Structure formats: C-alpha cells, structure tokens
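Written out below as structure tokens is the structure these notes cover.
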Amino acid sequence: MSRIDIPGRQDTAASSLQPLFHFVSRRFGFVPDLYRILSISPHSLTGLMEMQAALSRTLDVRTHERIAIAVSEVNGCDYCISAHSYIGHYFAKLIPEEIALNRMGRSLDRTAEAAVRFARKVSVSRGKVETDDLNDVRAAGYSDAQIVEIIALCAQVFLTNLLANVFDIQPDFPEIGKTGSYPGAEWSASFRDN
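So this is what it looks like as structure tokens:
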C-alpha cells in the first residue's frame, strides 16, 4: 500500500493541471498513480513533464525506454520497471527478451547496448564513470550531446524512481501480454472523452 494519499478524480477536477492529465491519459489510456501523486505539487509535475517532453525528442524511443528500464533496475524501482517495460513493449515495440537484457544493462542491439551500459554505469557509480566508459559510448557512435542527454535521462528516471520508492507506489500499468482492466482505468476514463 502506498505511503501517501493518492489524489482521486474529485481531488483534481478543478485543477489547473487538467491539460496535463488529458495529455497523460491520451498517451497511456489512464493517468498513472505517479502523475496523480506528483499533482500534489503542481510545479513538480509540470517540471517533470517538461523534462520528459524535452528528452523525448533526443534519443529514439527504443533507446529511451531501454535506458529507463536499466536505470530503474539499478534503483530497485518496481513501479518504474513495470511502467517502462509496458511502454517499451507496447510503444517502442521492445520484445520481452530485450526488456530482460535491458534490466541487466544490456541490449540485443549493439549501438543501443553502449548507451544502456553507459546509463547503468552512470547510475551505479553516481556519475563517477571511467574514461573508458565515455570512450566506449563514443565509439558506438554517440556524440557528446547525446551523452549529455543520456545522463539527463538517467537523472529524470532517478527522480521518478525516488518518488515511487519513497511513497511505495504499487505498479498500476497492465502487465505485458495481459488485457482487461487495470488500476486507475475508471478514474481516468473521463480524461479520454474530453
């Protein structure tokens, strides 16, 4: 059980955050608990979503989700592993074997593996990587700008990992391969219709 009261639909109905909830609901089909909790601090929610939007235009979606899975695994965040596995599978078309490798900081794709491995090392070492780590990711074809973006993505994922871990948010994304109802579906159905 979560260690914070998760705002319900009635708690956010008059909120200035409605456009953000509409966007999230259209993207995922529901408003995940992480975003609902972040709505307690509108500035935090807006800041996270602006960072997510900026970083979603840099690396391709497959590499982005691979990195998010690897970083979430390092930080022991079951909520974010579940979320990014779902997003990776259904939006980025990652196969289950790829997702399993991503959790270990690896990938079936050599170029992506360099980014995932680097992101994992950044996370494990808290940024204290070796020169060889930088050389390896550069040798795979990543520019210094892309390396900065990988590091920024690690920080963004770390923020959501912290929130989910501190408040013990339970996974609310559907399991890969399962259909039907999931937590939050009814609460957010009204956002899809507006």
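Position 181 (the sequence shown) corresponds to 495 in our numbering; numbering is contiguous. Even glycine gets a Cβ: it sits at the ideal position worked out from N, Cα and C. A quick note: this is a predicted structure, and the numbers were derived from the prediction, not measured.
Rounded to a whole number of angstroms, what is the C-alpha to C-alpha distance between residue i and residue j?
i, j, result
"residue 349", "residue 395", "16 angstroms"
"residue 485", "residue 315", "11 angstroms"
"residue 482", "residue 317", "6 angstroms"
"residue 490", "residue 406", "13 angstroms"
"residue 469", "residue 487", "22 angstroms"
"residue 438", "residue 475", "14 angstroms"
"residue 508", "residue 477", "Here residue 508 scores only 39 on pLDDT, less than 50, and its place in the model is too uncertain to base an answer on."
"residue 335", "residue 365", "16 angstroms"
"residue 440", "residue 341", "31 angstroms"
"residue 444", "residue 388", "18 angstroms"
"residue 458", "residue 337", "31 angstroms"
"residue 442", "residue 325", "42 angstroms"
"residue 421", "residue 409", "11 angstroms"
Taking 9 angstroms as the cut-off, decide whether the C-beta atoms of residue i and residue j are in contact.
i, j, result
"residue 321", "residue 353", "yes"
"residue 430", "residue 381", "yes"
"residue 385", "residue 433", "yes"
"residue 471", "residue 403", "no"
"residue 356", "residue 339", "no"
"residue 479", "residue 390", "yes"
By Cβ distance below 7 angstroms, which residues in the same chain neighbour residue i in space, the five residues on each side in sequence not counted?
i, result
"residue 473", "362"
"residue 425", "454 and 455"
"residue 494", "Because the pLDDT of residue 494 is 44, which lies under 50, any placement of that residue in the model is unreliable, and the number read from its coordinates should be weighed accordingly. If we look at residue 494 and ignore the five residues flanking it on each side, it has no Cβ neighbours."
"residue 466", "369"
"residue 383", "395, 398, 399, 402, 413, 416 and 417"
Can you tell which of the options has its C-alpha closest to the C-alpha of residue i?
i, options, result
"residue 419", "446, 377, 359 and 317", "377"
"residue 435", "487, 332 and 461", "461"
"residue 401", "441, 480 and 344", "344"
"residue 393", "347, 335 and 333", "347"
"residue 358", "331, 440, 337 and 417", "331"
"residue 379", "413, 422 and 442", "413"
Leaving out five residues before and five after residue i in sequence, what residues of the same chain have Cβ atoms less than 8 angstroms from its Cβ?
i, result
"residue 464", "373, 381, 429, 432, 433, 436, 451 and 456"
Any heavy atom of the ligand MG closer than 8 angstroms to the Cβ of residue i?
i, result
"residue 482", "Annotation note on the ligand MG: not contained in the displayed structure, which lists no ligands."
- [ ] Can you check the stretch 412-456 for any alpha helix (DSSP H) of at least 4 residues that lies completely inside it and give the ranges in chain order?
- [x] Within the stretch 412-456, the runs of alpha helix (DSSP H) at least 4 residues long that lie entirely inside it are, in chain order, 424-439 and 445-453.
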